[in-house]
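Taken in sequence, the protein lines are chains A and B.
Under our numbering, the final residue of the first sequence carries the number 587; numbering is consecutive throughout.
Under our numbering, the final residue of the second sequence carries the number 587; numbering is consecutive throughout.
Protein chains: 2
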Amino acid sequence: MKCNDTIAAISTPPGEGGIAVVRMSGTSSLSIIRKVFRGKNPIQKNSKGQVYHGWIVEKDEPIDEVVLTLFHSPHSYTGEDVIEVSCHGGLFISRRILEVLIQYGARPAEPGEFTQRAFFNGKMDLTQAEAVADLIRAKTESARRVAIYELEGHLSGRLQKIREDLIKICSLLEVELDFGEEDIMFVSRKEIKHLLIKTRGELQHFVDSYRRGKVCREGIRMVIAGRPNVGKSSLLNGLVERERAIVTEIPGTTRDTVEDVLDIEGFLFTVTDTAGIRETQDPIEREGVRRTEKVLDISDLVLLVFDGSESLNREDEMIVRRVKEMRKPVIVLINKIDLKQQINIHKLKKWFPDEEVLRISALKKEHVSRLVQTLKGTAISGGIPHEGEVLITRARHKNCILHAIELIKKAEASLRKSMSQEFIVMDIRGALDVLGEMIGKTVTDDILNQIFSDFCVGK
Amino acid sequence: MKCNDTIAAISTPPGEGGIAVVRMSGTSSLSIIRKVFRGKNPIQKNSKGQVYHGWIVEKDEPIDEVVLTLFHSPHSYTGEDVIEVSCHGGLFISRRILEVLIQYGARPAEPGEFTQRAFFNGKMDLTQAEAVADLIRAKTESARRVAIYELEGHLSGRLQKIREDLIKICSLLEVELDFGEEDIMFVSRKEIKHLLIKTRGELQHFVDSYRRGKVCREGIRMVIAGRPNVGKSSLLNGLVERERAIVTEIPGTTRDTVEDVLDIEGFLFTVTDTAGIRETQDPIEREGVRRTEKVLDISDLVLLVFDGSESLNREDEMIVRRVKEMRKPVIVLINKIDLKQQINIHKLKKWFPDEEVLRISALKKEHVSRLVQTLKGTAISGGIPHEGEVLITRARHKNCILHAIELIKKAEASLRKSMSQEFIVMDIRGALDVLGEMIGKTVTDDILNQIFSDFCVGK
Chain A
129 MKCNDTIAAI
139 STPPGEGGIA
149 VVRMSGTSSL
159 SIIRKVFRGK
169 NPIQKNSKGQ
179 VYHGWIVEKD
189 EPIDEVVLTL
199 FHSPHSYTGE
209 DVIEVSCHGG
219 LFISRRILEV
229 LIQYGARPAE
239 PGEFTQRAFF
249 NGKMDLTQAE
259 AVADLIRAKT
269 ESARRVAIYE
279 LEGHLSGRLQ
289 KIREDLIKIC
299 SLLEVELDFG
309 EEDIMFVSRK
319 EIKHLLIKTR
329 GELQHFVDSY
339 RRGKVCREGI
349 RMVIAGRPNV
359 GKSSLLNGLV
369 ERERAIVTEI
379 PGTTRDTVED
389 VLDIEGFLFT
399 VTDTAGIRET
409 QDPIEREGVR
419 RTEKVLDISD
429 LVLLVFDGSE
439 SLNREDEMIV
449 RRVKEMRKPV
459 IVLINKIDLK
469 QQINIHKLKK
479 WFPDEEVLRI
489 SALKKEHVSR
499 LVQTLKGTAI
509 SGGIPHEGEV
519 LITRARHKNC
529 ILHAIELIKK
539 AEASLRKSMS
549 QEFIVMDIRG
559 ALDVLGEMIG
569 KTVTDDILNQ
579 IFSDFCVGK
Chain B
129 MKCNDTIAAI
139 STPPGEGGIA
149 VVRMSGTSSL
159 SIIRKVFRGK
169 NPIQKNSKGQ
179 VYHGWIVEKD
189 EPIDEVVLTL
199 FHSPHSYTGE
209 DVIEVSCHGG
219 LFISRRILEV
229 LIQYGARPAE
239 PGEFTQRAFF
249 NGKMDLTQAE
259 AVADLIRAKT
269 ESARRVAIYE
279 LEGHLSGRLQ
289 KIREDLIKIC
299 SLLEVELDFG
309 EEDIMFVSRK
319 EIKHLLIKTR
329 GELQHFVDSY
339 RRGKVCREGI
349 RMVIAGRPNV
359 GKSSLLNGLV
369 ERERAIVTEI
379 PGTTRDTVED
389 VLDIEGFLFT
399 VTDTAGIRET
409 QDPIEREGVR
419 RTEKVLDISD
429 LVLLVFDGSE
439 SLNREDEMIV
449 RRVKEMRKPV
459 IVLINKIDLK
469 QQINIHKLKK
479 WFPDEEVLRI
489 SALKKEHVSR
499 LVQTLKGTAI
509 SGGIPHEGEV
519 LITRARHKNC
529 ILHAIELIKK
539 AEASLRKSMS
549 QEFIVMDIRG
559 ALDVLGEMIG
569 KTVTDDILNQ
579 IFSDFCVGK
């Protein structure tokens, strides 16, 4: 797909800063910039990246003093002629420059359109394009790392290798088909079977990595549950204090009284304190309970807190029942161990025979670090990916791979039943298609639109 | 002043975007970047701006794919070796890159430190450095334009010319002093007088431009006053609807229910709706009145609204008295002209003999455009500065120039009284010093700290 128009957008975040960058890409980039740029040196078509210092002007009015960086096709992000105008970092001034570029023939870029062009021009495949969006959104080291490995092409490289193997089988089987009457076998059925099983194993390995990959990319939604006054808020405060809550510094991050974001050893934890679950007739309180259940529903992990200084009561029992119904991973916390203990631990362990039970004092900050270690262990078995380790992080990828596995299983079944090559080839071709869809070899506009609309403008 | 260390900062605004730029300046820039950058081409010391594509690595771990732009001393913003690392535009990833640079020897830059170095290295004078900060903060075309003209050096150019004239007089008078005994006159007293008057006139011209310059740079604080129910809020809504309220889109801009920001033909209007002024004993209402008076106090213009469909009453009278006490420019508005009119216009005109009285219907949007025209006229006599027109925009500049004028007047007086050259020279030297302080030739650390601490980090 060839794009004929030239797009432009402010590529840096909105706000005040030292520098803003307005980016332009397309066949007219050079002719547009020549009309609006006055510098000491004339702008030249050259194969290397170039830097020019001068002014953006509108007719003869100076708009801003800028530095231009030129990336000539195909040696650019998009593969087209790209010009980055580095101007003074205010929102008004960068908008004015964008206005001037548009006035002289560029059009405002859609979200992700630069990356979309990079994809169309073969500068990156679809998983790499997705990794760009993930990298920008990354809030922790784990998120950065999985995105970088994907951007480096590790995931698509492996998939490419798998696809090559499958293509090889297909080709051989198709040659057999051409010689259909003669019943010649170009490849042993055992060899095909072996290769299909191996491929399926590799794909399954990716599927298995999804839970951990998702945690790396999106973090963990943890909810702190328990009846009122067991110390849920002090627990949250204790965690926030101990770990650096980096994400809350980012403008636009929602931060209300009951949600906090923690970076625990490179992983993002979104922690929600709840209103406490209890059976009630009061409509306002019922609304609180409804919300709590909604939060529980979307959480990845429940931190269930009990008051060690009191006996377990009907309310505790009710909450335990609800949480167990949800079938979420649970860490059981007995809080207030600095006070005289009344809780029936035996009963608690009977309720949670397989779960970890920790005893802490949120107020006195006793054993909070042990909780952090447990959180890490429970939530992130495996830790931050090591160099070159490839995890899949997106539901889209998981679904493509699951679909491919199903088709390979079908091919295996056809093979077992000694069915004609056609059936085997059909399913392997199908698997190739879905894997091709994953990396963008064969992909519909709908999927592309969905992926790129998720980007920010200017990328 | 020579800076020996190398500074680094994220120069783009915080948040998510396509691109973030981490900037580094100092003698070790090149050696630091060589340790953390892996690209196809080796980084070279060269006189021209250069672009490199590759990866920032921490030991062997890839951190991000980046584009480096190198500006070699003295051909850079700061005059030192400057490297701009253009990375993926997330906050986490840009922070990681900054961390890596710091780990290898850079130190985090203070606010405005890059520009401060540009100033120390003679790349710009102090008024130009101030213009950089103004440009970044600019929210309207008028603010952008006055900042750009100052950045181009128009203001400092004029001042430089004035200083040269004064230096010439001083030198001649000082030569006379050297020949003191011989009573030789190297320059006629008439000529000196003429030059001092001319200089003073030019300086006065700058002082006179301050009000307009301030309006261009900072905009106009307008307050809408009037007793309850005269239609203050509908008026504000009408204005907001008609003019694009660009500034409210900028993250971090405070926007509460009673303050709005308008861009009226290139000028910034901060409009505050008031709680209504009335004499009251109720403590809560008294607090509201106190705040209203505070807003009135810092406003540049009062839009005083009356209800045309009702008679003027004691409350109106009280507000008129308060507003007149403030001695602020006032535009008088008779609202609700779509209803049957009861107001005594004669009485109103007697209260405001010199003020413009406008009749509108905020609700029906009648004559709101006429109000906009009047606002422009009243507030911004002269309009947006034309090309090359120099206005002073900062109180610091105004105070320096006023001080210089005083000293020149003293020199003129000494001249009139035929006092010895020494006295004349002393005052002219004094004027040269304060003008030098304005452009940064002679300036204390306190003033510099004050100016640069007002910058954002990364500029």
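No residue lacks a Cβ here, since even glycine has one placed at the ideal position from N, Cα and C.
List the residues of chain B that residue i touches, going by C-beta distances under 7 Å, in chain order.
| i | result |
| --- | --- |
| residue 189 of chain A | 515 |
| residue 260 of chain A | 216 |
| residue 170 of chain A | Within chain B, no residue comes near residue 170 of chain A; the closest Cβ sits about 14 Å away, beyond 7 Å. |
Since residue i meets chain B, which of its residues come closer than 8 Å, beta carbon to beta carbon?
| i | result |
| --- | --- |
| residue 209 of chain A | Near residue 209 of chain A there are no residues of chain B at all, since even the closest Cβ is about 14 Å away, more than 8 Å. |
| residue 221 of chain A | 263, 264, 266, 272 |
| residue 179 of chain A | 176, 177, 178, 179, 197, 199 |
| residue 224 of chain A | 269, 272 |
Hey, residue i and residue j: beta-carbon distance below 8 Å or not?
| i | j | result |
| --- | --- | --- |
| residue 151 of chain A | residue 212 of chain A | yes |
| residue 275 of chain A | residue 259 of chain A | yes |
| residue 249 of chain B | residue 208 of chain B | yes |
| residue 559 of chain B | residue 390 of chain B | no |
| residue 210 of chain A | residue 199 of chain A | yes |
| residue 337 of chain B | residue 471 of chain B | no |
| residue 222 of chain A | residue 148 of chain A | yes |
| residue 499 of chain A | residue 486 of chain A | yes |
Can you pull the chain A residues whose beta carbon is under 8 Å from the beta carbon of residue i, in chain order?
| i | result |
| --- | --- |
| residue 139 of chain B | 145, 146, 147, 217 |
| residue 242 of chain B | 146 |
May I have the straight-line CA-CA distance separating residue i from residue j, to the nearest angstrom?
| i | j | result |
| --- | --- | --- |
| residue 144 of chain A | residue 584 of chain B | 8 Å |
| residue 350 of chain A | residue 241 of chain A | 35 Å |
| residue 467 of chain A | residue 354 of chain A | 18 Å |
| residue 159 of chain B | residue 234 of chain B | 10 Å |
| residue 431 of chain B | residue 343 of chain A | 56 Å |
| residue 561 of chain B | residue 316 of chain B | 24 Å |
| residue 538 of chain B | residue 314 of chain B | 21 Å |
| residue 454 of chain A | residue 429 of chain A | 10 Å |
| residue 142 of chain B | residue 141 of chain A | 7 Å |
| residue 563 of chain A | residue 587 of chain A | 26 Å |
| residue 419 of chain B | residue 434 of chain B | 21 Å |
| residue 565 of chain B | residue 306 of chain B | 28 Å |
| residue 201 of chain B | residue 528 of chain B | 33 Å |
| residue 154 of chain B | residue 195 of chain B | 19 Å |
| residue 448 of chain A | residue 504 of chain A | 23 Å |
| residue 549 of chain A | residue 340 of chain A | 38 Å |
| residue 571 of chain B | residue 191 of chain B | 43 Å |
| residue 469 of chain B | residue 451 of chain B | 24 Å |
| residue 171 of chain A | residue 180 of chain A | 8 Å |
| residue 299 of chain B | residue 254 of chain B | 26 Å |
| residue 161 of chain A | residue 280 of chain A | 32 Å |
| residue 367 of chain A | residue 490 of chain B | 53 Å |
Using a cut-off of 9 Å between C-beta atoms, extract the partners of residue i located in chain A.
| i | result |
| --- | --- |
| residue 192 of chain B | 263, 272, 276, 279 |
| residue 586 of chain B | 145, 146, 147, 217 |
| residue 202 of chain B | Chain A residues near residue 202 of chain B: none, gap ~13 Å exceeds 9 Å. |
Tell me, please, which residues DSSP counts as bridged to residue i.
| i | result |
| --- | --- |
| residue 313 of chain A | Answer by DSSP bridge pairing: none, since residue 313 of chain A is not bridged. |
| residue 398 of chain B | B:349, B:389 |
| residue 435 of chain A | A:463 |
| residue 180 of chain B | B:196 |
| residue 215 of chain A | A:148 |
Is it the case that the CB of residue i approaches a heavy atom of the ligand GDP more closely than 7 Å?
| i | result |
| --- | --- |
| residue 248 of chain B | Only the bare structure without any ligand can be found here, which leaves the ligand GDP out of the picture. |
Identify the contact partners of residue i in chain B, using a Cβ-Cβ distance below 9 Å as the criterion.
| i | result |
| --- | --- |
| residue 151 of chain A | 146, 147 |
| residue 524 of chain A | The contacting residues do not exist; residue 524 of chain A stays about 21 Å from chain B at best. |
Tell me, please, whether the CB atom of residue i is closer than 8 Å to any CB atom in chain C?
| i | result |
| --- | --- |
| residue 162 of chain A | Absent here is chain C; the protein component of the structure consists of chains A and B. |
Contact the stretch 214-224 of chain B vs the stretch 570-577 of chain A: 3+ CB pairs below 8 Å: no
Any 3 or more C-beta pairs closer than 8 Å across the stretch 351-365 of chain A and the stretch 276-295 of chain A: no
The stretch 327-346 of chain A in contact with the stretch 457-464 of chain A per 3-pair CB rule at 8 Å: no
Three-pair Cβ contact test at 8 Å for the stretch 259-271 of chain B versus the stretch 390-399 of chain B: yes
Stretch-stretch touch, CB-based, cutoff 8 Å, three pairs: the stretch 317-326 of chain A with the stretch 531-546 of chain A: yes
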